[in-house]
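For reference, the structure is listed below as structure tokens.
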Amino acid sequence: MSTSITQLAAAFPDNERPHKNTSRVMVTLLGAAWDLGAPSFGSSTAADIFFKHSRCQGYPWKKVGKQQGFLRTAQTLKNTAVVPQIAPLCLQLARRVSDALNQQRKFVVIGGDHSCAIGTWNGVAHALGQKGSFGLIWIDAHLDSHTPDTSASMRLHGMPLAVLLGYGDQRLTRLLSTKPVIHPGTVCVVGARSYEAPELELLQRLGVRIFFISEIQKRGLNKVIAEAVDIASSGSGKFGISIDLDVLNPEQAPGVNTPVVYGLNAKRLVQTLRPLSENPGLLGVEIAEFNPVLDRKNRTLKIIEALLFSLFPRLEEVTDAQPH
Ligand SMILES: [Mn+2]
Numbered sequence: 001m002s003t004s005i006t007q008l009a010a011a012f013p014d015n016e017r018p019h020k021n022t023s024r025v026m027v028t029l030l031g032a033a034w035d036l037g038a039p040s041f042g043s044s045t046a047a048d049i050f051f052k053h054s055r056c057q058g059y060p061w062k063k064v065g066k067q068q069g070f071l072r073t074a075q076t077l078k079n080t081a082v083v084p085q086i087a088p089l090c091l092q093l094a095r096r097v098s099d100a101l102n103q104q105r106k107f108v109v110i111g112g113d114h115s116c117a118i119g120t121w122n123g124v125a126h127a128l129g130q131k132g133s134f135g136l137i138w139i140d141a142h143l144d145s146h147t148p149d150t151s152a153s154m155r156l157h158g159m160p161l162a163v164l165l166g167y168g169d170q171r172l173t174r175l176l177s178t179k180p181v182i183h184p185g186t187v188c189v190v191g192a193r194s195y196e197a198p199e200l201e202l203l204q205r206l207g208v209r210i211f212f213i214s215e216i217q218k219r220g221l222n223k224v225i226a227e228a229v230d231i232a233s234s235g236s237g238k239f240g241i242s243i244d245l246d247v248l249n250p251e252q253a254p255g256v257n258t259p260v261v262y263g264l265n266a267k268r269l270v271q272t273l274r275p276l277s278e279n280p281g282l283l284g285v286e287i288a289e290f291n292p293v294l295d296r297k298n299r300t301l302k303i304i305e306a307l308l309f310s311l312f313p314r315l316e317e318v319t320d321a322q323p324h
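Following the numbering used here, the numbering of the sequence shown begins with 1 at its first residue and continues without gaps.
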């Protein structure tokens, strides 16, 4: 398996020259259709269901992975067994994201369990190449910073942030480069409230800023997001956002793999992120962990839609979508 991953990596084209500037920035829509990193089936169908039943119906999008295409057995649910399946999918997603940025487009990735982040942000790092680093705002109830040495569940959706920082299974940490994808000084976590000690220890040792839910309650989401943007922009000014929907109050967003009580208010998050649509440093956004099987009355789906249109208010105009 490692051979085919190497071959896939070698097949990546060199960075293309940027296309000439146009007045509006187009957006590439992508779906990461797998859920092998999560405890339950469902997120592999999320992108299909979102693009079929939301305002984005009819918008052009590209899927990585096969909906329901993987056999889930007790054995394949273990991290070490799913890495050979997830690594090539992450590479394919990375290529799509990288292509979008090379074409001077922004990107949206609809997960998929949160292991898709390994693909998304590897793609960004690949496209930026020597042009500079980027920052990342990780909005999540969890720290997602387990490694195979610390994880009790061995689920990959609990590990992607550690992988991007260079810690974990080498088939993932060295997906496209031996260097870590992101620098801890330009990463922050927003909304954390459920984690284990080794994850906290890793992030604190690296100096990753964590905005726990208690700090958000004290200072307000506006101030926290403003500070998060400062941290994420402190390198090159370019940054991305990874939203795990479990950061939200599960009453509002029940369709997630691992709900945690006392989450963020969905409406407030949508409102608070809206000004970022004007920020030229925003490269793209990923929205992960939607599980339509667990959703009720499309509540979670509607929140994805609201988040997307708050960050990209003219989405229809900038996705080559045909009016319908
Ligand atoms: Mn997560």
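Cβ coordinates follow ideal geometry from the N, Cα and C atoms, glycine included.
Could you check whether the Cβ of residue 146 sits closer than 7 Å to any heavy atom belonging to ligand 1? Not one heavy atom of ligand 1 sits closer than 7 Å to the Cβ of residue 146.
Which residues in the same chain as residue 162 place their Cβ atom closer than 8 Å to its Cβ, once the five residues preceding and following it in sequence are excluded? If the five residues before and after residue 162 are omitted, its C-beta is found closer than 8 Å to the C-beta atoms of 144, 145, 146, 147, 168, 199 and 202, all from its own chain and listed in chain order.
With 16 as the cutoff for other CB atoms within 10 Å, does residue 49 come out buried or exposed?
Counting C-beta atoms within 10 angstroms of its own C-beta, residue 49 has 16 or more neighbours from the protein chains shown and is therefore classed as buried.
Output the distance between the C-alpha atoms of residue 18 and residue 303, rounded to the nearest integer angstrom. Unreliable positioning characterises residue 18 in this predicted model, as indicated by a pLDDT of 45, which lies under 50. A coordinate reading is not provided.
| query | Under the rule that 16 or more other beta-carbon atoms within 10 Å means buried, what is residue 178, buried or exposed? | reply | Exposed, by the Cβ-count rule.
Run through the region 232-307 for me and flag every whole alpha helix (DSSP H) of 4 or more residues, listed as ranges in chain order. With a minimum length of 4 residues, the continuous alpha helix (DSSP H) runs that stay inside the region 232-307 are 266-273.
### Query
Distance, Cα to Cα, residue 157 vs residue 288?
Taking the straight line joining both Cα atoms gives about 10 Å.
| task | Compute the beta-carbon to beta-carbon distance between residue 37 and residue 115, rounded to the nearest angstrom, for a pair I have assumed lies under 8 Å. | result | That pair is a contact at about 3 Å.
Cβ-based neighbour list, residue 310, same chain, cut-off 8 Å, excluding 5 preceding and 5 following: Correct list, in chain order: 270, 271, 273, 274 and 277.
Burial state of residue 315, where buried means 16 or more other Cβ atoms lie within 10 Å: Burial state of residue 315 is buried, judged by a 10 Å Cβ sphere holding 16 or more other Cβ atoms.
Original post:
In its own chain, which residues sit with a C-beta less than 6 Å from the C-beta of residue 252, not counting the 5 before and 5 after it?
Top reply: Closer than 6 Å at Cβ, skipping near neighbours: 266.
Exercise for the section: Could you tell me if residue 260 is buried or exposed, where buried requires 16 or more neighbouring beta carbons within 10 angstroms of its beta carbon? Expected result: So residue 260 counts as buried.
request  = Flag residue 35 as yes when its Cβ comes closer than 7 Å to any non-hydrogen atom of ligand 1, and as no otherwise.
outcome  = Flag unset: Cβ of residue 35 not near ligand 1.
So, are the CB atoms of residue 210 and residue 121 less than 8 Å apart? A distance of 8 Å or more separates the beta carbons of residue 210 and residue 121.
* Asked: Thinking C-beta only, is residue 290 closer than 8 Å to residue 136?
  -> No; because the gap between Cβ atoms is not below 8 Å, this pair is not in contact.
- Query: Per DSSP, what kind of secondary structure is residue 116 in: helix, strand or coil?
  - Reply: DSSP places residue 116 in helix when its eight states are reduced to three.
| Under the three-state DSSP convention, the category residue 162 falls into | Residue state, collapsed to three classes: helix.
Measure the C-alpha to C-alpha separation of residue 52 and residue 184 and round it to an integer number of angstroms. Between residue 52 and residue 184, the alpha-carbon positions lie close to 37 Å from each other.
Would you call the CB atoms of residue 106 and residue 308 closer than 8 Å?
-> No, Cβ-Cβ distance for residue 106 and residue 308 is not below 8 Å.
- prompt: Of the residues 81, 175 and 204, which one's Cα is nearest the Cα of residue 360?
  reply: Summary: the structure shown does not reach residue 360, with the chain confined to residues 1 through 324, and so no result is reported for it.
Next item on the list: Using only the heavy atoms of ligand 1, determine whether one of them is closer than 7 Å to the beta carbon of residue 286.
Entry: For ligand 1, not one heavy atom lies less than 7 Å from the Cβ of residue 286.
For residue 207, does the count of other Cβ atoms within 10 angstroms reach 16, so buried, or fall short, so exposed?
-> Note on residue 207: under 16 other CB atoms within 10 angstroms of its CB, so exposed under the neighbour-count rule.
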